[in-house]
Structure formats: structure tokens, C-alpha cells
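Quick notes on the structure that follows.
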Amino acid sequence: MSNIHPGSAPQSIAQAAQHLASGQLVGMPTETVYGLAADACNDAAVASVFTTKGRPANHPLIVHVLDASQVDHFAVQAPEFAVKLMTAFWPGPLTLILPRKPGVAASAAGGQTSIGLRCPAHPVAHALLLACQALGVRGLAAPSANRFGRVSPTTAAHVAHELGDELFILDGGPCQVGIESSIVDCTRGAPVLLRPGVLTREQLAQACGQAVLDQDEATLSGTLGAAPRASGTLESHYAPHAKVRIMSTADLQTAAALTEGATKSIAIYARCAMLKAPKDLNICQMPLDAAACAQELFAVLRQLDALGVDLIWVEELPAGPEWDGVRDRLMRASA
Ligand code: TXA
Ligand code: MG
Numbered sequence: 414m415s416n417i418h419p420g421s422a423p424q425s426i427a428q429a430a431q432h433l434a435s436g437q438l439v440g441m442p443t444e445t446v447y448g449l450a451a452d453a454c455n456d457a458a459v460a461s462v463f464t465t466k467g468r469p470a471n472h473p474l475i476v477h478v479l480d481a482s483q484v485d486h487f488a489v490q491a492p493e494f495a496v497k498l499m500t501a502f503w504p505g506p507l508t509l510i511l512p513r514k515p516g517v518a519a520s521a522a523g524g525q526t527s528i529g530l531r532c533p534a535h536p537v538a539h540a541l542l543l544a545c546q547a548l549g550v551r552g553l554a555a556p557s558a559n560r561f562g563r564v565s566p567t568t569a570a571h572v573a574h575e576l577g578d579e580l581f582i583l584d585g586g587p588c589q590v591g592i593e594s595s596i597v598d599c600t601r602g603a604p605v606l607l608r609p610g611v612l613t614r615e616q617l618a619q620a621c622g623q624a625v626l627d628q629d630e631a632t633l634s635g636t637l638g639a640a641p642r643a644s645g646t647l648e649s650h651y652a653p654h655a656k657v658r659i660m661s662t663a664d665l666q667t668a669a670a671l672t673e674g675a676t677k678s679i680a681i682y683a684r685c686a687m688l689k690a691p692k693d694l695n696i697c698q699m700p701l702d703a704a705a706c707a708q709e710l711f712a713v714l715r716q717l718d719a720l721g722v723d724l725i726w727v728e729e730l731p732a733g734p735e736w737d738g739v740r741d742r743l744m745r746a747s748a
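Below, the structure written as C-alpha cells:
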């Protein structure tokens, strides 16, 4: 773990910015999850993000910018609703897909004619983007710093565990949000939510003054353009090694009571009391609050996985829209 550097130290930020400006990769904290960052305009650096992650090169990366004034460098014709979303939620856990400026960051965009832009709210990410700007680096392409298809990292130690000790990692503490940004596609004439996060559709709609469609609604509308490819929308993403199964409260309690003799191979993540379960069953208490659950979700999945269990049983989530982001990640983890 020798390559983890305190994000609060100015010399760590300066060193990280130098690495990025010279085409190397850096593990970077954001408020959502840790990212594996590269200069978005350096094709060789971007290529090594894809190989380090084991991610197919046609899956576009999110480009992180210092603030909204940097959007024009990467994108053209941001629609009015996109500007409203930026104004309301940047810096913060929101990525906007915009029409890409031709000739800019094509590799980072996976060759698409669009580009995903996000202004992160984490102070270490902000300091890093500022230091990069001074070195002529205008944006950082940064997917989550995990191997393709695995659980996203929410601490510096997770990143080191995922990607090895060679990588220069800035430590910004545990991520406050805990699940990846909400992604809104702004290239199809109306806002379409590609990936739910902690910002609900209602919050997004209110900020941009019009309905935010989900992907099914967008497809059914028939008037919008074609959907972009996005690896976060593949099924079976965010998967731990153990099999995740989502169960109703009643089923979970019944099943837990029957685990005698098999407690080493099962772990549980639930809000309800598990009164009839064997004493040595691994039970992790799920927070009642959606934001608190999002914050710890990936760390809990990692922790339960590390016990070496075969099965992680998760209690079905409450119905409210504030749970949509967590629900999405759990459904993918269980797919
Ligand atoms: O919270 C986050 O968004 C984190 C932190 C590090 O900022 N980043 C993140 O990046 O989750 P990544 O690469 O793991 O997920 C990016 C998602 C993918 O589903 C990708 O396909 C989609 O954004 N995406 C990026 N650019 C796109 C584009 N031009 N068109 C469509 N989808 C795009
Ligand atoms: Mg990811």
C-alpha cells in the first residue's frame, strides 16, 4: 500500500498532476466512487485506462472537468435543460452526455459522437483538476477504479486491492455518496436517465423544468434519437464473487432460520431483525436511510465477499424513488 498518498497534502496533488500531465494514471477520489484517471486528451493514457481496467475500448469513459466553463472545450450545443442541470447539481454526482466537439477526446468517448462530462464535488478531485489545468490538462477521463464488471471502490485501499500497488493513488477518505453518478443523456432532444444515482428523477426534472424520461419511456416515445452504448447499463455489472440474491423480508427470515450447518457459506444484508437465525450467521445491518445505504453499499458487498461466502442474501429495498440508485446496483449485482 506504499503508493497511497494523502489527498490533503499539496505535494501529493502536485505529484499526481505531474503524473497525469506526463500520460500516467492516477487513482482519484470523488464524492461518488474512486476513479482511475488519465488526461482525457492523451490517447495513449486513455488506452492504458482501458487495458488496466480490462474494459472494452468502445465503452465510453466519463470526463471530469473543473467547472461548467470547461464544457465548451469538449462539447457543442448543450441544450438549455442540460445547462439547467449543470447549474443545479455541479459540482456533484451528475454526469451529462452531450454532443462531443469533433476531434476532441475521441478515445475517451470510446469513438462515440457524444461525451460524458461531470464536475466532481470532492475537494481532492477539485484540487487535482485545478493543478492539472495549470499543466494544460483540461479534463480527466476516469471510470470507476475497479476491474471491468466488478464492484466500484469507495476507499483508497479498495483501489489498491483492485488495481495493484504500482498505481499512484490519492487518498480522499471514504466516498460520501458511495454509488456512481446519475447519468442523463442530453443528446436526444429530451433528458433521458441512463443510470440512476442518488439524485432522483423528480429532483432532476424539477431542476430542468421538464420530465426526465427513463430508457423504456425514451424508447417507446419513438420521437427521440437512438440510445448510446453504456457499460453501466449492461446487466451483471458491479458483481462481487459471491452470488447476490434479493429476497422479500418474509422469505429472508424463513431462509435464515434454516441455515444451521451452512452459516459459513451465507451472509445477510438486511434491515429486519433475524430473530430465528443461528447465532454465528454473518448478518450486516442495512441502514434505514437510502443515502446511508448507498454510502456503504459497495464496501459492504466487498466486506461480505471477503468472508469467502458463496451467497449474499439481501433484503428487498423499500419502494421509494430515493432507493432507485441502490436498487439498480443491487439488481445488477444479482443478475
Ligand atoms: O460517479 C461516477 O460517475 C464515477 C466517478 C469516478 O466519477 N465514474 C464512473 O465511470 O462511474 P464509469 O466509466 O465506470 O461509468 C461511466 C458510464 C458508463 O456506463 C459509460 O458507458 C457511460 O458512463 N458513458 C460515458 N460516456 C458516455 C457517452 N458518451 N455516451 C454514453 N454513455 C457514456
Ligand atoms: Mg464502473
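Numbering (our numbering), first residue to last: 414 to 748. Here a beta-carbon is modelled for each residue, glycine too, at the ideal position from N, C-alpha and C. Quick caveat: nothing in here was measured; it's all calculated off a predicted structure.
Burial state of residue i, where buried means 16 or more other Cβ atoms lie within 10 Å
i	result
Gly638	exposed
Glu673	exposed
Leu671	exposed
Thr464	exposed
Phe692	It is worth fixing the name first, because residue 692 is Lys in this sequence and not Phe. By the 10 Å Cβ count, Lys692 comes out exposed.
Val550	buried
Pro734	exposed
Asp737	buried
Lys466	buried
Asn471	exposed
Glu648	Because the pLDDT of Glu648 is 43, which lies under 50, any placement of that residue in the model is unreliable, and the number read from its coordinates should be weighed accordingly. It counts as exposed.
Coarse secondary structure for residue i, derived from DSSP in three states
i	result
Met499	helix
Met744	helix
Gln437	coil
Ala418	Sequence check: residue 418 is His here, not Ala. Strand at His418.
Cys706	helix
Phe561	coil
Leu717	helix
Leu665	helix
Glu735	helix
Ala522	coil
Glu728	strand
Asp723	coil
Lys692	coil
His432	helix
Leu671	coil
Leu701	coil
Lys712	Position check: residue 712 holds Ala in this sequence, whereas Lys was assumed. Looking at Ala712 - three-state DSSP - the assignment turns out to be helix.
Leu633	helix
Nearest-angstrom Cα separation, counted from residue j out to residue i
i	j	result
Gln431	Phe581	11 Å
Pro469	Gly562	11 Å
Gly610	Ile592	7 Å
Ala675	Ala570	30 Å
Asp456	Ser421	29 Å
Arg658	Val727	6 Å
Pro604	Cys697	37 Å
Leu542	Ala534	11 Å
Gln623	Asp741	23 Å
Beta-carbon gap between residue i and residue j smaller than 8 Å
i	j	result
Pro566	Gly529	no
Val459	His486	no
Ile725	Ala663	no
Leu511	Cys599	yes
Ala451	Ala554	yes
Quiz item: Which parts of the stretch 589 to 623 are runs of the alpha helix (DSSP H), unbroken and 4 residues or longer, counting only runs that do not cross its ends?
Solution: Secondary structure remark: continuous alpha helix (DSSP H) runs of at least 4 residues inside the stretch 589 to 623, in chain order: 614 to 621.
Exercise. For the stretch 524 to 584, list the alpha helix (DSSP H) runs that are entirely contained and at least 4 residues long, ordered along the chain.
Key: As far as the stretch 524 to 584 is concerned, its whole alpha helix (DSSP H) runs of at least 4 residues are 536 to 547 and 569 to 576.
Quiz prompt | Every unbroken alpha helix (DSSP H) inside the stretch 444 to 519 [4 residues or more] | solution = Here the runs fully enclosed are 456 to 466, 484 to 487 and 493 to 502.
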